[in-house]
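Trainee: Those letters in the sequence shown? Residues -21 to -1, 1 to 358, per mature numbering (1 follows the signal peptide of the UniProt record, and there is no 0), in order.
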Amino acid sequence: MWPELLLLLLSGALTLTEIWAGLTKIPGHASSPRPVPHTLRYCSTAMYGPNVWQYRYTVVGYVDDTEIMGLDSDAQNPRLEPRVTWMQQPWVEQENPDFWEEQTQVFKHYEDVRKEKLDLRGSAFISDLELYTWQENTGCVLGSDGRFLRGYSQFAYEGTDYNALNENLSSWTTADTAPWIDRNRLLRVPDADSVRTFLESKCVRWLRLFLEKEETLLRADPPKTHVTHHTISDHEVTLKCWALGFYPADITLTWQRDRKNVTQDMELVETRPAGDGTFQKWAAVVMPPGEEQRYTCHVQHQGLPEPLTLRWDPPPQSTITIVGITVALGLLGAVVTGAVLWRRKCSGRGRKSYAQAACKCGCRGGDIWDPWGSVGWSL
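1) Return the Cβ separation of Phe86 and Gln114 in integer angstroms, given the expectation that the two are a contact with Cβ distance under 8 Å.
2) Counting only the same chain and skipping the five closest in sequence on each side, list residues whose C-beta sits under 6 Å from that of Phe117.
3) In the DSSP output, which residue or residues are listed as bridge partners for Glu46?
4) Select from Pro16, Arg251, Trp291 and Val63 the residue whose C-alpha is nearest the C-alpha of Asp124.
5) Taking DSSP as the reference, what is the three-state secondary structure of Ser11?
6) CB-CB under 6 Å to Ser150, same chain, minus the five flanking residues each way: which ones, in chain order?
7) Please go through the same chain and pick out, in chain order, the residues whose beta-carbon is closer than 6 Å to the beta-carbon of Thr210, but skip the five residues on each side of it.
8) Relative to the alpha-carbon of Leu283, which residue among Val265, Lys203 and Gln243 has its alpha-carbon at the smallest distance?
9) Taking 7 Å as the limit between beta carbons, can you name the residues of its chain near His280, skipping five residues before and five after?
10) What does the alpha-carbon distance come out to for the pair Pro6 and Pro227?
11) Any beta carbon of chain B sitting closer than 8 Å to that of Lys87?
12) With 16 other CB atoms within 10 Å as the buried threshold, where does Asp43 fall?
13) Per DSSP, which one or two residues make a beta bridge with residue 363?
14) May I ask you to report which of helix, strand or coil DSSP gives Gln114?
15) For Thr198 and Leu218, I'd like the C-alpha separation in whole angstroms.
16) Check the DSSP bridge columns for Tyr141 and list the partner residues they point to.
17) Which residue marks the beginning of the beta strand (DSSP E) containing Phe258, and which one marks its end?
18) Find the nearest neighbour of Asp255 within the set Thr112, Arg187, Glu46 and Glu191, judged by alpha-carbon distance.
19) Between the beta-carbon of Leu59 and the beta-carbon of Thr37, is there less than 8 Å?
20) By the DSSP assignment, the alpha helix (DSSP H) with Trp185 in it spans what residues?
21) Residues in the same chain with beta-carbon distance under 7 Å from Pro57, minus the five sequence neighbours each way, listed in chain order, please.
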């Protein structure tokens, strides 16, 4: 009986033992980090409706991928406010004592314009049961040497591109997919010259100031990478390549099979914020069991001195065996301990007590059950 019990426990422990995901990093070709441009951008959203025609306007300012300021018209005292601690430092107001007030007034002016454009009550094309949105994305880009590279401004209505400022910042181009609704009234955009002046002067000056005063904006946190193995069925397994805790958000994850890029069969999620100022991303590929070693994951990021190549390696068989035996012995010890305690309780104190009390240990008809007795017992 004991050999059979030990084999049963071992097989159960091995079945329950999880196959850990390992990885092998293969150094890539050395490469020096490329110069990276920096961006100051403002993303605004105006919403109107439903039923009572309530209006809401929000603005969020970013340096690269860091949210630094924001405004919400639903606040008790709507004004542009810092979203990071370093924007509350004295140097901000030392550079410009009216910085926050000026910024607030600029966006409140845009808010009034948007509100006027979104006042569509009475339009034959508008339902008072729907929510309408008008979005803007405007920003400037500087090279790593601080030179102005380009500016941009884009508008969208209901999630559909409407128009964008041309590369020379002198005029607007309307998208082919522009909404048909009340264009002359709703989708009137600001004067191109005024936008160009803002992008080439104030936007550039503020971005240079932010980069000069706050070193964390220039950081490059490398990703923490690993590969995990997931069994889908007897015929398919998945390898998932993870990149965690990196900044900035720009990163490239690719899978290769026999040194050839895998595109059609690869699942790639959008880069996601981790909630601590860094980002995370993964890419997965499906294959038949046994072909895992033909696949490699390639990671490129500004924070890496050279590209990474990762390969999944199963844990050594000895590790699985040791873990399985350890778990089995633990279970075996628990079974033996429980049986001994049961026997002592039933056959020791139980026989010296009343038969009624002994029945609590599993007797039948007043007889005391002995677990170490005949295997022909029945309940």
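Ideal Cβ placement from N, Cα and C applies to all residues, glycine included.
All of these numbers come straight from a predicted model, not from anything done at the bench.
Mentor: By the coordinates alone:
1) For this step, residue 86 is matched to residue 107 along the sequence shown. For this step, residue 114 is matched to residue 135 along the sequence shown. Not a contact, Cβ separation roughly 14 Å.
2) Within the sequence shown, residue 117 is the residue found at index 138, counting from 1. Before going further, note that residue 117 is Thr rather than Phe in the sequence given. Once the five neighbours on either side are set aside, the close Cβ partners of Thr117 are Tyr21 and Ser132.
3) Locating residue 46 in the sequence shown gives position 67, where the first residue counts as 1. Beta-bridge pairing links Glu46 to Tyr41.
4) Residue mapping note: residue 124 aligns to position 145 of the sequence shown, counting from 1. Closest option to Asp124, Cα to Cα, is Pro16.
5) In the sequence shown, the residue the question calls residue 11 occupies position 32. Unreliable placement is indicated for Ser11, whose pLDDT of 39 sits below 50; the coordinate value is still reported in the next sentence. Assigned with DSSP and collapsed to three states, Ser11 falls in coil, not helix or strand.
6) Start at 1 with the first residue of the sequence shown, and residue 150 comes out as number 171. Same-chain partners within the cutoff: Ala171.
7) For this step, residue 210 is matched to residue 231 along the sequence shown. Take Thr210, set aside five residues on each side of it, and the residues of its chain with a beta-carbon closer than 6 Å to its own are Val216, in chain order.
8) The residue you call residue 283 lines up with position 304 of the sequence shown. It is Lys203 whose Cα lies nearest to the Cα of Leu283.
9) Mapped onto the sequence shown, residue 280 falls at position 301. Closer than 7 Å at Cβ, skipping near neighbours: Pro201, Pro202, Phe225 and Ile230.
10) The residue labelled residue 6 in the question sits at position 27 within the sequence shown. The residue labelled residue 227 in the question sits at position 248 within the sequence shown. The predicted position of Pro6 is uncertain, since its pLDDT is 42 and thus under 50; a value taken from the coordinates is nonetheless stated next. Computed Cα separation, rounded: 22 Å.
11) The chain inventory of the structure shown lacks chain B, comprising one protein chain alone.
12) The residue you call residue 43 lines up with position 64 of the sequence shown. Around the beta carbon of Asp43, a 10 Å sphere encloses 16 or more other beta carbons of the protein chains shown; the residue is thus reported as buried.
13) Outside the shown range of the chain (-21 to 358) lies residue 363, about which nothing can therefore be said.
14) Here residue 114 refers to the residue found at position 135 of the sequence shown. Strand.
15) The count along the sequence shown starts at 1 and reaches residue 198 at position 219. The count along the sequence shown starts at 1 and reaches residue 218 at position 239. As written in the sequence, residue 198 is Arg, which differs from the Thr given in the question. A direct Cα-Cα distance of roughly 30 Å separates Arg198 from Leu218.
16) Reading the sequence shown from its first residue, position 162 is the one you call residue 141. For Tyr141, which the question treats as bridged, DSSP gives no partner whatsoever.
17) The sequence position of residue 258 within the sequence shown is 279, counting from 1. Here the beta strand (DSSP E) through Phe258 covers Phe258 to Met266.
18) Position 276 of the sequence shown, counting from 1, holds the residue named residue 255. Check the Cα spacing between Asp255 and each of Thr112, Arg187, Glu46 and Glu191: the tightest is with Glu46.
19) Counted from its first residue, the sequence shown places residue 59 at position 80. Counted from its first residue, the sequence shown places residue 37 at position 58. If you check the CB distance, Leu59 and Thr37 do not come in under 8 Å.
20) One-based indexing of the sequence shown puts residue 185 at position 206. If you look at Trp185, you'll find it in the alpha helix (DSSP H) that goes Val183 to Lys192.
21) The residue given as residue 57 occupies position 78 in the sequence shown. So the list reads Leu50 and Asp51, once near-sequence residues are dropped.
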